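S.K.: Structure in structure tokens, see below.
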Amino acid sequence: MSGVRLTRRALIAGAGTTALAAPGLAQSLVGQLVDLGLPDGPSLRPTTPAFPGKGEMIVQRVNAPVLETPMSVFREGLITPNDRFFVRWNWPMPTAVKAGAHRVAVGGAVRQAVSLTLDEIAAAGEHVSIVAINQCAGNGRGLSEPRVTGTQWGNGAMGCAKWTGVRLRDVLAKAGIAAGATRVRFAGLDVPLVDGAPQFIKSIPLDIAMRDDVLVAWGMNDEPLPILHGFPLRIVVPGWFSTYWVKMLSTIEVLTGEDDSYYVAKSYRVPAAPVTPEDKDFPTIPITAMPPRAFITSHADGAVVAKGQPLTLEGIAFGGDCALERVDLVGEGWEMPCTLGPDEHGPYAFRRWSVTLPPLAGDLSQIGVRARNVQGAVQPDRLAWNPSGYARNVIERITLRAQ
Ligand SMILES: Nc1nc2c(c(=O)[nH]1)N[C@H]1C(S)=C(S)[C@@H](COP(=O)(O)O)O[C@H]1N2
Ligand SMILES: [Mo]
Numbered sequence: 314m315s316g317v318r319l320t321r322r323a324l325i326a327g328a329g330t331t332a333l334a335a336p337g338l339a340q341s342l343v344g345q346l347v348d349l350g351l352p353d354g355p356s357l358r359p360t361t362p363a364f365p366g367k368g369e370m371i372v373q374r375v376n377a378p379v380l381e382t383p384m385s386v387f388r389e390g391l392i393t394p395n396d397r398f399f400v401r402w403n404w405p406m407p408t409a410v411k412a413g414a415h416r417v418a419v420g421g422a423v424r425q426a427v428s429l430t431l432d433e434i435a436a437a438g439e440h441v442s443i444v445a446i447n448q449c450a451g452n453g454r455g456l457s458e459p460r461v462t463g464t465q466w467g468n469g470a471m472g473c474a475k476w477t478g479v480r481l482r483d484v485l486a487k488a489g490i491a492a493g494a495t496r497v498r499f500a501g502l503d504v505p506l507v508d509g510a511p512q513f514i515k516s517i518p519l520d521i522a523m524r525d526d527v528l529v530a531w532g533m534n535d536e537p538l539p540i541l542h543g544f545p546l547r548i549v550v551p552g553w554f555s556t557y558w559v560k561m562l563s564t565i566e567v568l569t570g571e572d573d574s575y576y577v578a579k580s581y582r583v584p585a586a587p588v589t590p591e592d593k594d595f596p597t598i599p600i601t602a603m604p605p606r607a608f609i610t611s612h613a614d615g616a617v618v619a620k621g622q623p624l625t626l627e628g629i630a631f632g633g634d635c636a637l638e639r640v641d642l643v644g645e646g647w648e649m650p651c652t653l654g655p656d657e658h659g660p661y662a663f664r665r666w667s668v669t670l671p672p673l674a675g676d677l678s679q680i681g682v683r684a685r686n687v688q689g690a691v692q693p694d695r696l697a698w699n700p701s702g703y704a705r706n707v708i709e710r711i712t713l714r715a716q
């Protein structure tokens, strides 16, 4: 249980942070340039400390804000601080939200449509906290070869936070689910600026919506959700890509039948079977649960290490939609088990790993770490290329120079 409680006062106290003013942002893009190592095109991005409530972030887009977390942040701790957490909005976001006037409409295939205040949401059920990774479906897309369209993310479109709220199913119970319900769809306060463009709305199957750990959350790392992260409420679906974690939640709609809305039926989908860049018109399935991933955070590609000395590598890993089972260091034709750190935050969180190599005889070419989860899913050696660069989980490789 967390120290954050959803009271109107807490939210209004946080309301100072609920208006986002970023005047002159363009002039303040004076940070450094970082190289994201993106193949086949421009790879440098500026950083800025100029977004409200944010430390040094990699700027992918100013408005709608798309900010990437520098990989160095993941070395510092298993919980990603709010001021370094990546940000992604599909459409320009509302820059002020009135907590006192905010309502969440629960309707569709329900017994009685309701419109709930924040106090009513907070009173809907037990307050629950869960640590979970929020990872964009396009995380690492920029590393795709050949290049694909979309935000050219490095691997910093992920973060791990403690989320606090009530269970979605307790909120749904305020309206009562009607017979024939199949899915639950969410919308936020953000709307498209372009006429006729689809609103960012997303739905999940009813059995997922009823899970014990799927939340309507107001707390992020024991603070009210920052506006960039969806103040005052967002959906949290541990183990699923964050495209479903709708921010600034304003509507919950119970559906019967399929969801034919754009971001479910047309976008955020992957090929049903492997494809090549030449393939067209293949069947697709929606992106849902996350596969396992692991990252070396102690050393960057090309780093120089001491020849003749043992070398300790460290990093983070996660199991995806279930707990991590193991991490192995893999080279060209060899592998070595890594030691997992303690399970500090549960199955949906980052976990540390480390491994010490014997004294180095020479360079370490193309080494990477491979995570395997308790359901036996393991990171592949080769990229499952897809035209949107979604759900990347190929083993990430680096080369270290021994000197
Ligand atoms: N309302 C709303 N919710 C949203 C989005 C959005 O555009 N609007 N983008 C989704 C996507 S694609 C991602 S990756 C995550 C990003 O969450 P974050 O900004 O808190 O890191 O929010 C999700 N929820
Ligand atoms: Mo995303």
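Sequential numbering from 314 applies to the sequence shown in the numbering used here.
For glycine and all other residues, C-beta sits at the position ideal for the given N, C-alpha and C.
Every value quoted in this text rests on a predicted model; they were computed, and no experiment measured them.
What do you reckon, is the C-beta of K560 under 6 Å from a heavy atom of ligand 1?
M.R.: K560: yes, Cβ under 6 Å from ligand 1.
S.K.: Say whether the segment 447 to 460 touches the segment 519 to 529, bearing in mind that this needs 3 or more beta-carbon pairs closer than 8 Å, one atom from each stretch.
M.R.: With fewer than three CB-CB distances shorter than 8 Å, the segment 447 to 460 does not count as touching the segment 519 to 529.
S.K.: Can you grab the Cα-Cα spacing for the pair A510 / C635, in whole Å?
M.R.: 35 Å
S.K.: So within the segment 499 to 564, which uninterrupted beta strand (DSSP E) runs reach at least 3 residues, ignoring any that extend past its ends?
M.R.: Listed in chain order, they are 514 to 518, 528 to 533 and 547 to 549.
S.K.: Give every residue whose Cβ lies closer than 6 Å to any heavy atom of ligand 2, listed in chain order.
M.R.: After applying the 6 Å Cβ criterion, the set is R401, C449, A450, G451, S555 and T556.
S.K.: For P584, list the residues DSSP reports as bridge partners.
M.R.: T597.
S.K.: Which one or two residues does DSSP pair with H440 in a beta bridge?
M.R.: V479
S.K.: Consult DSSP for D396 and reduce its assignment to one of helix, strand or coil.
M.R.: In the three-state scheme derived from DSSP, where H, G and I count as helix and E and B as strand, D396 is classed as helix.
S.K.: What's the C-alpha gap between R358 and V386?
M.R.: 17 Å
S.K.: Compute every distance between the C-beta of H612 and the non-hydrogen atoms of ligand 1, then say whether any falls below 6 Å.
M.R.: no
S.K.: Based on DSSP bridge pairs, tell me the residues matched to S356.
M.R.: S356 is not bridged to any residue.
S.K.: Considering only heavy atoms of ligand 1, does any lie closer than 6 Å to the CB of H542?
M.R.: yes
S.K.: Between which two residues does the alpha helix (DSSP H) holding D432 run?
M.R.: Per DSSP, D432 is one residue of the alpha helix (DSSP H) stretching across L431 to A435.
S.K.: Whose CA, out of M533, A690, G469 and E536, lies closest to the CA of T360?
M.R.: G469
S.K.: For E369, does the three-state DSSP call read helix, strand or coil?
M.R.: coil
S.K.: I want to know whether the segment 613 to 626 touches the segment 575 to 590 - three or more CB-CB distances under 8 Å.
M.R.: no
S.K.: Would G478 and A422 qualify as a contact pair, given that the criterion is a beta-carbon distance under 7 Å?
M.R.: Contact: no.
S.K.: If we count Cβ pairs, one from each stretch, closer than 8 Å, do we get three or more for the segment 587 to 600 versus the segment 682 to 692?
M.R.: no
S.K.: Any chance the segment 412 to 420 sits against the segment 666 to 682, with 3 or more Cβ pairs inside 8 Å?
M.R.: With the cut-off at 8 Å, the segment 412 to 420 and the segment 666 to 682 do not touch.
S.K.: Is A486 helix, strand or coil when you go by DSSP?
M.R.: helix
S.K.: Would you say the beta carbon of F364 comes nearer than 6 Å to a heavy atom of ligand 1?
M.R.: no
S.K.: Among S428, E381, L485 and V549, whose alpha-carbon lies nearest the alpha-carbon of G438?
M.R.: L485
S.K.: Could you tell me the distance, in whole angstroms, from the CA atom of F513 to the CA atom of G463?
M.R.: 16 Å
S.K.: Count the other CB atoms, across all protein chains shown, that sit within 10 Å of the CB of D572; report buried if there are 16 or more and exposed otherwise.
M.R.: buried
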